[in-house]
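Engineer: Taken in sequence, the protein lines are chains A and B. Counting from 1, one number per residue, gives the positions in the first sequence under the numbering used here. Counting from 347, one number per residue, gives the positions in the second sequence under the numbering used here. The C-beta atom is built at its ideal place from N, Cα and C for all residues, glycine as well. One structure coming up, written as structure tokens, with questions to follow.
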Amino acid sequence: MLESIWFVLWGVLWAVYFMLDGFDLGLGTLMPVIARNDTERRIVYNAAGPFWDGNEVWLIAAGGVTFAAFPHTYAVMFSGLYSALMLILFALIFRGVAFEFRGKIESPAWRRFWDGCLVVGSFLPAFLFGVAFANLFQGIPIDGEGVYRGTLFTLLNPYGLLGGLLFLCLFLVHGCVWLAVKTEGKLHQRAARFAKTLWAVLAVVAAGFFVATWFATRLYMNYIKNPLLFSIPIVVIPAATVASLLAVRYFVGKGAWWKAWFASATTIVGATFFGLAGLYPNLIPSTLNPTYSMTIYNSASSTLTLKIMLGVALIFVPLAIAYQVWTYRLFRHKVTEADLAYEEAY
Amino acid sequence: MDVLMLSRLQFAAATFFHFLFVPLTLGLSVLIAVMETRYVRTGDEQYLKMAKFWGRIFLINFAIGVVTGITLEFQFGTNWARYSRYVGDIFGSLLAIEATAAFFLESTFVAVWALGWNRLSAKAHAVTIWLVALAGNLSAVWILMANAWMQHPVGYTIRNGRAELTDFMAVVTQPFAWHTIVHTVGAAYILSGFFVMAVSAYHLLRRRHVAFFTRSFRMAAAFSLIFSVAVVIQGHLHGSEVAKVQPAKLAAMESLWETRSGAPQFLFSLPDEAGERNRVEIGAIPNLLSLLAYHSPDAEVKGLKAFPPDERPPVTLTFFAFRTMIALGFLFPLLAFWAWLRRNRLLESPRLLKVLMFALPLPYLAAQAGWVVAEVGRQPWVVYGVMKTSDAVSPIAAQQVAVSLAAFVLVYSLLGAAAFYLIGRHARRGPEPSAVES
């Protein structure tokens, strides 16, 4: 029971991470095409400025909770996905520093360099997290000792790449919608146009992913195998995901940007849970032999640790949500050129 | 090189680099919080200017501290998978508590503080920097508690082929952890005080922004004096704790080979690891080591030969790092005291200002030396007496680690250079609103 609660919490942390950091990763990836001059680029930086750091902490929390609640999974997952994870980490380093360093020197070359870091540093995590999670959904070659028997290229299989594309599209739409929320004028109109086009791409990729999941993974099997346990998730999660994906387009069409953003956020959370619920009770299925899989039972921490950590999570995660919501409200205004004159602006 | 050595080098490089930026974050946030509070209390605009100027440096430093911290958390999984599996039950929880209870708070409010000057009342804004300072220091508490558990594991039992938690209170209340916390955070405050004094000295020597930097300097001098004295006293107690729980580390710190009662302290010695002796030993002060380590002049101090060769830490490195830290640790209160004495006559004290300006690297050196003593002195154990470092490493290809290590060195050198360049630039420019940002 305790293990199952932690499975849900583990999923929630990853889902919230993707939901929040998703928009600034998407926005960073899109910047070179959506922002046409330095002023517009600065508006993009400032649209994500007050939030990206707080968003990224959800990754630290998700990683930390994997370590604390399922240490064996943490060990296998991160050592197995070594190269992919290192790429993500380096990307995040450059991206984080780009925010802080870019505006400090007024030299076009300096700014171009950090803009480049922002783009690559946003694209790689968006894509690679998708690749990594799609591979978790279909399983990776781990042996009985928890040793990964593959390379970086094992992960770049068709289904993994499709997962990468799905995450990328989800985050790009999410980023466009956020930019539309935060801007006005030309940039806002461009963001709106991009959101519509990218949504169509996303819809195709998402449909492809749902179908490919039938062939490449055992997720649906798992839903069907446990009809009682999954009677709610099997209906609710995919239905909610599809409904919110459609709602994104509806609200984008109506120009209801905040609603579109929430719908997009729900889509990301739904997509994450669609995959994770299909894994349960596995955390990392082994493709070599199902008995080698990492499950919530064979990789969980002791009962005492799970209980203490549950107390910690139930106190501090809601608290973190509360003050982050307050931050989003504090900085909910549109970023205009006047804001760029502010001395602490990015 | 094998995976073990490469992984150790990588972790050492990542920690070294991370810890170049962390101490300033810990101490400067507190100093800025005090400045801003004084502004709120007195309405004196000078304090507001101070908070903004030092704040800008703080933010550059903070950014690089954050991004290098993320890699550390994940390296336990990537490079030390066997360790993570074996001790995740305890060690992992402490890291997770750090993320949820402290790091969230710090990262969220640092942005509110940086960008919220005209969105919050002066009072509310001052509260946000206190939250940043509090959360940063709380982060340090949890991380150092995790580190202390590796140095002196308590509250666990070996079950199901791993260390499992049995007593959480024992882990969070053990004296070794609190010594580590007070010592490291104290050292971070000294570093921050010396940083502010060095930058202020630079401007005072040039007679620029005299009132502004005199005030900054005086605050930093008092801050440095308090904490440098406190760390010397506490460091002594910390050493006694090490003697009690990590006798092999103490022996390496002192390069003491033979076990003896009433051990003397040598003013100068030179270890010869291969020969299991000291090449030179000069200036023996009788019984002092026994007295320092165990508070009794006749106490027995274990020598390195009391431990099997494969359970001894690298002696030369530990020994010299310790000596460096101690020498600097005694120098800081003297310098801080000198600065405090001359606090009202700074412009007439060019020699003091010059010395303090050039002393800037010393607290950085001391902090790194302290880490070397703590971490190299812990070897060959990753968890003292429980798990060896060689049993902790991930079952991965050496080639992968070689590539990532090269990338770490390259990327961190570039980022470090950029960060220090920007910090130096802002520090030299002084508190004038810069043209770049308008």
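With 8 Å set as the bound, which would you pick, yes or no: does the beta-carbon of A/Pro50 sit closer than that to a beta-carbon of chain B?
Structural biologist: So yes, A/Pro50 belongs to the interface.
Engineer: For B/Asn425, verify whether its CB is less than 7 Å away from any heavy atom of the ligand FMN.
Structural biologist: Inclusion of the ligand FMN in the displayed structure is not the case, the ligand content being empty and no account of it being possible.
Engineer: Please confirm whether A/Val57 and B/Phe450 have their CB atoms less than 8 Å apart.
Structural biologist: Yes, the pair counts as a contact, with Cβ atoms nearer than the cut-off.
Engineer: Per DSSP, what kind of secondary structure is A/Leu156 in: helix, strand or coil?
Structural biologist: The answer is coil: DSSP assigns A/Leu156 none of H, G, I, E or B.
Engineer: Which residues in the same chain as B/Thr662 place their Cβ atom closer than 7 Å to its Cβ, once the five residues preceding and following it in sequence are excluded?
Structural biologist: Once the five neighbours on either side are set aside, the close Cβ partners of B/Thr662 are Pro617, Glu619.
Engineer: When you compare only the Cα positions, how much space is there between B/Tyr548 and B/Leu768?
Structural biologist: Going from the Cα of B/Tyr548 to the Cα of B/Leu768 covers about 16 Å.
Engineer: May I have the straight-line CA-CA distance separating B/Val456 from B/Arg402, to the nearest angstrom?
Structural biologist: Going by the C-alpha atoms only, they are around 12 Å apart.
Engineer: State the Cα-Cα distance for the pair B/Pro643 and B/Ser615, rounded to the nearest angstrom.
Structural biologist: Taking the straight line joining both Cα atoms gives about 21 Å.
Engineer: Does any residue of chain B bring its CB to less than 8 Å from the CB of A/Ser122?
Structural biologist: It does not; no Cβ of chain B falls within 8 Å.
Engineer: Here's a check: name, in chain order, each residue in its chain whose Cβ is nearer than 8 Å to the Cβ of B/Phe563, leaving out the five neighbours to either side.
Structural biologist: Closer than 8 Å at Cβ, skipping near neighbours: Val542, Met543, Ser546, Ala547, Leu550, Ala685, Arg689, Leu692.
Engineer: When you compare each of B/Leu706, B/Leu681, B/Ile443 to A/Met62 by their alpha carbons, which one comes out closest?
Structural biologist: Note on residue identity: the sequence assigns Ala, not Met, to residue 62 of chain A. Per the Cα distances, B/Ile443.
Engineer: Could you check how far apart the C-beta atoms of A/Leu306 and A/Ala69 are, in whole angstroms? I think they sit under 8 Å.
Structural biologist: Yes, A/Leu306 and A/Ala69 are in contact; Cβ-Cβ is about 6 Å, under 8 Å.
Engineer: So, are the CB atoms of B/Phe408 and B/Thr383 less than 8 Å apart?
Structural biologist: No.
Engineer: Name the chain A residues that come within less than 7 Å of B/Asp435, Cβ to Cβ?
Structural biologist: Going along chain A in sequence order, the residues near B/Asp435 (Cβ under 7 Å) are Pro71, Ser301, Ser302, Thr305.
Engineer: Can you name, in chain order, every residue of its own chain whose Cβ lies under 8 Å from the Cβ of A/Pro71, other than the five neighbours on each side?
Structural biologist: Contacts found: Ser299, Ser301.
Engineer: At a CB distance below 7 Å, what residues from the stretch 205-226 of chain A approach chain B? Give them in sequence order.
Structural biologist: So the list is empty, because no residue satisfies the distance condition.
Engineer: Please identify, using Cβ separations under 9 Å, the residues of the stretch 416-432 of chain B that lie next to chain A, in order along the chain.
Structural biologist: Listed by position, the residues of the stretch 416-432 of chain B near chain A (Cβ gap below 9 Å) are Ile416, Thr417, Glu419, Phe420, Gln421, Phe422, Gly423, Thr424, Asn425, Trp426, Ala427, Arg428, Tyr429, Ser430, Arg431, Tyr432.
Engineer: Are the Cβ atoms of B/Thr454 and A/Phe78 separated by less than 8 Å?
Structural biologist: For B/Thr454 and A/Phe78, no; Cβs fall outside 8 Å.
Engineer: Which first and last residues belong to the beta strand (DSSP E) in which B/Phe612 is found?
Structural biologist: Segment 611-618, the beta strand (DSSP E) holding B/Phe612.
Engineer: If contact means a Cβ-Cβ distance below 7 Å, which residues of the stretch 280-299 of chain A contact chain B?
Structural biologist: Those would be none; no residue qualifies.
Engineer: Between A/Tyr159 and A/Ala207, how many whole angstroms is the CB-CB distance? I'm expecting something under 8 Å.
Structural biologist: Their Cβ separation, rounded to whole angstroms, is 15 Å, which puts A/Tyr159 and A/Ala207 out of contact at 8 Å.
Engineer: Considering only the beta carbon of each residue, do A/Leu89 and A/Gly130 sit closer than 8 Å?
Structural biologist: Not in contact: A/Leu89 and A/Gly130 (Cβ atoms no closer than 8 Å).
Engineer: What do you reckon, are the CB atoms on B/Trp495 and B/Leu440 nearer than 8 Å?
Structural biologist: Going by C-beta atoms, B/Trp495 is nearer than 8 Å to B/Leu440.
Engineer: Helix, strand or coil for B/Gly649 per DSSP?
Structural biologist: Here B/Gly649 sits in coil by DSSP.
Engineer: Within 8 Å (strictly less), CB to CB, does B/Val473 reach chain A?
Structural biologist: By this cut-off, B/Val473 is not an interface position.
Engineer: Between B/Ala409 and chain A, is there a C-beta pair that is closer than 8 Å?
Structural biologist: Chain A, which has a Cβ nearer than 8 Å to the Cβ of B/Ala409, makes this yes.
Engineer: Curious, which full-length alpha helix (DSSP H) runs of at least 4 residues does the stretch 423-487 of chain B contain?
Structural biologist: Runs of the alpha helix (DSSP H) inside the stretch 423-487 of chain B: 427-433, 439-444, 450-461.
Engineer: Could you spell out the range, first to last residue, of the beta strand (DSSP E) harbouring B/Trp727?
Structural biologist: Looking at the DSSP string, the run of the beta strand (DSSP E) that includes B/Trp727 is 727-729.
Engineer: For A/Tyr297, is the classification buried or exposed, using 16 other Cβ atoms within 10 angstroms of its Cβ as the cut-off for buried?
Structural biologist: So A/Tyr297 counts as exposed.
Engineer: First and last residue of the beta strand (DSSP E) that includes B/Val626?
Structural biologist: Element bounds for B/Val626: 623-631.
Engineer: Where does the unbroken alpha helix (DSSP H) through B/Glu510 begin, and where does it stop?
Structural biologist: Element bounds for B/Glu510: not the alpha helix (DSSP H) but the beta strand (DSSP E), 508-511.
Engineer: So, for B/Thr474: in the same chain, excluding its five sequence neighbours on each side, which residues have a beta-carbon less than 6 Å away from its beta-carbon?
Structural biologist: Correct list, in chain order: Phe455, Val458, Trp459.
Engineer: Since B/Glu600 meets chain A, which of its residues come closer than 9 Å, beta carbon to beta carbon?
Structural biologist: Going along chain A, no residue has its Cβ under 9 Å from B/Glu600, so there is no contact; the nearest lies around 36 Å.
Engineer: Check the DSSP bridge columns for B/Val502 and list the partner residues they point to.
Structural biologist: Looking at the sequence shown, residue 502 of chain B is not Val but Tyr. Paired residue(s): B/Leu511.
Engineer: Taking the C-alpha atoms as reference points, what is the distance between A/Leu27 and B/Ala773?
Structural biologist: Roughly 32 Å between the two C-alpha positions.
Engineer: Under a three-way DSSP split, which group does A/Tyr148 fall into?
Structural biologist: The answer is strand: DSSP assigns A/Tyr148 an E or B state.
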